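Asks: The opening residue of the sequence shown carries number 779 in the numbering used here; numbering runs sequentially from there.
A virtual CB, placed ideally from N, CA and C, is assigned to each residue, including glycine.
Here the structure is a predicted model, which means the values were calculated and not measured.
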Amino acid sequence: MKYLILSLILIAISCQQSPQKNQEKAEPKFDEISTYYFIRHAEKDTTDRENRNPTLTEEGKQRAENWKNVFTAVDFDAIYSSDFIRTKATAQPTAQSKGLKIEIYDHTKLNSEAFKKATKGKKVLVVGHTNTTPYFANAVYGEEYFNNDIDEAEHGKLFIVQVHSNGKNNIQQLTIN
779 MKYLILSLIL IAISCQQSPQ KNQEKAEPKF DEISTYYFIR HAEKDTTDRE NRNPTLTEEG
839 KQRAENWKNV FTAVDFDAIY SSDFIRTKAT AQPTAQSKGL KIEIYDHTKL NSEAFKKATK
899 GKKVLVVGHT NTTPYFANAV YGEEYFNNDI DEAEHGKLFI VQVHSNGKNN IQQLTIN
């Protein structure tokens with residue numbers, strides 16, 4: 779009887795797969811990608827030099843509409859803007875066309891842990907400023923790639939950053955006018 783019980787235990791043990799093999803099969807390896815599209819706000823009204831939070835000019839409003847058209851084929855999961863009239867007005871046409879609410883980020887705390895967590899694995903539009911957009915792209919990319927502010931006269935720069943879970947990130951800059 780002892781041998782019968784021992785034999786049954788050994789048979790049961792030998793039929794089990796190792797936990798490591800089960801774990802490998804249960805967790806397929808895939809590359810999760812987060813894609814970020816960074817743009818600077820459209821042309822702002824500079825007639826009042828004292829106004830730190832101006833609206834967009836008519837040209838700026840048209841550019842915001844053009845960005846919406848540029849992003850027609852992009853299935854955004856989220857749209858972020860700094861908390862300024864000009865950045866929110868630049869993001870608004872795209873957000874409205876996608877049925878998304880504009881999320882506000884703190885332009886003094888680029889790529890915070892909360893932002894990284896909220897945007898992981900998503901397609902995200904981020905609207906910023908001449909002196910934040912390239913550096914925000916760098917922070918998300920994980921190293922310094924762009925080392926200059928955007929020229930004040932330039933409103934058509936698009937920075938695209940792809941963050942891969944395997945660590946092989948991509949970054950590119952386009953000009954769209």
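Going straight from the alpha carbon of Asp-884 to that of Lys-894, what length do you get?
Replies: Those two C-alpha atoms are separated by around 13 Å.
Asks: The beta strand (DSSP E) that contains Thr-953, what's its start and end?
Replies: Its beta strand (DSSP E) spans residues 948-953.
Asks: Counting only runs that start and end within the region 818-865, where is the beta strand (DSSP E) found for 3 or more residues in a row?
Replies: Runs found: 856-859.
Asks: Spatial neighbours of Ala-869 within its chain, please: C-beta separation below 6 Å, excluding the five flanking residues on both sides.
Replies: Closer than 6 Å at Cβ, skipping near neighbours: Ile-857, Ser-859, Ile-880, Val-905.
Asks: Got a sec, what are the start and stop residues for the beta strand (DSSP E) Glu-881 sits in?
Replies: Note, Glu-881: beta strand (DSSP E), 880-882.
Asks: Answer with buried or exposed for Gly-838, where buried requires no fewer than 16 other C-beta atoms within 10 angstroms of its C-beta.
Replies: Per the 10 Å Cβ criterion, buried.
Asks: If you follow the alpha helix (DSSP H) that Lys-895 is part of, which residue opens it and which one closes it?
Replies: Counting along the chain, the alpha helix (DSSP H) containing Lys-895 begins and ends at 891-897.
Asks: So, at 7 Å on beta carbons, what are the nonlocal neighbours of Leu-888 in its own chain, with the 5 sequence-adjacent residues on each side left out?
Replies: Within the same chain, Leu-888 has close Cβ partners Thr-910, Tyr-913, Phe-914, Ala-917.
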